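S.K.: With the working numbering applied, the sequence shown corresponds to residues 8 to 144, in that order.
Virtual Cβ for every residue (Gly too), placed ideally from N, Cα, C.
Keep in mind the model is a prediction, meaning the values are calculated, not measured.
Pasting a structure below so you can have a look.
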Amino acid sequence: MYPPSAALRAAGIDPQVVADLLDPDHADVVPLRPAPRWMRLLWGDVGAMTLPWAIYVHPDLLTGDPGRLGAVVVHELVHVAQWRRQGVVRFLAGYLAAYLRARSRGSDHRTAYEAIPAEQEARTATARILGGGPEVR
Ligand SMILES: [Zn+2]
């Protein structure tokens, strides 16, 4: 477990730039933690998940390419900002409702997931912060 800013610095990303764009005091309000196995079994191919108290990251990401981890952390920090801005209930309700609405219209899992407004915002903000690095989901 360690602060997200450490992962950002290891990737050559200035934590202050991320904080300025997202939420001035949020960069280290939740720690990075390795995702336990049971959590990864529920995820499928997802590399990280942010909950109100921690950013859970696949252990392979924590020990792998720092640049890749940095990009994932930026994406997840957008979700931290969303949790804080909207509150737990509103964030979760909006997230799930958008996903289920897309599924009920016939979208497959991946398409429905990518259409969730919170995910679109996270991808857009991450691309802006990283200046067009690899797209992170
Ligand atoms: Zn996301």
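Check whether the segment 93 to 107 and the segment 64 to 80 touch, using three or more Cβ-Cβ pairs below 8 Å as the test.
M.R.: Short answer: they don't touch.
S.K.: With a cut-off of 8 Å, do at least 3 Cβ pairs link the segment 43 to 63 to the segment 76 to 89?
M.R.: Yes, the segment 43 to 63 is in contact with the segment 76 to 89.
S.K.: Taking the beta carbon of residue 12 as the centre, do at least 16 other beta carbons fall within 10 Å, making it buried, or is it exposed?
M.R.: Buried, by the Cβ-count rule.
S.K.: Under a three-way DSSP split, which group does residue 123 fall into?
M.R.: In the structure shown, residue 123 sits in coil (DSSP, three-state: anything other than H, G, I, E or B).
S.K.: Where does residue 92 fall in DSSP's three states?
M.R.: Residue 92 falls in the helix class under three-state DSSP.
S.K.: How would you call residue 65, buried or exposed, if buried means at least 16 neighbouring beta carbons within 10 angstroms?
M.R.: Buried, because 16 or more other Cβ atoms sit within 10 Å of the Cβ of residue 65.
S.K.: Can you find at least 3 beta carbon pairs, one from the segment 15 to 25 and one from the segment 37 to 53, that sit closer than 8 Å?
M.R.: Because the criterion of three Cβ pairs below 8 Å is not met, the segment 15 to 25 and the segment 37 to 53 do not touch.
S.K.: Please check the pair residue 14 and residue 39, which I expect to be a contact at CB under 8 Å, by giving their CB distance rounded to whole angstroms.
M.R.: That belief holds up - the Cβ atoms of residue 14 and residue 39 are roughly 6 Å apart, short of 8 Å.
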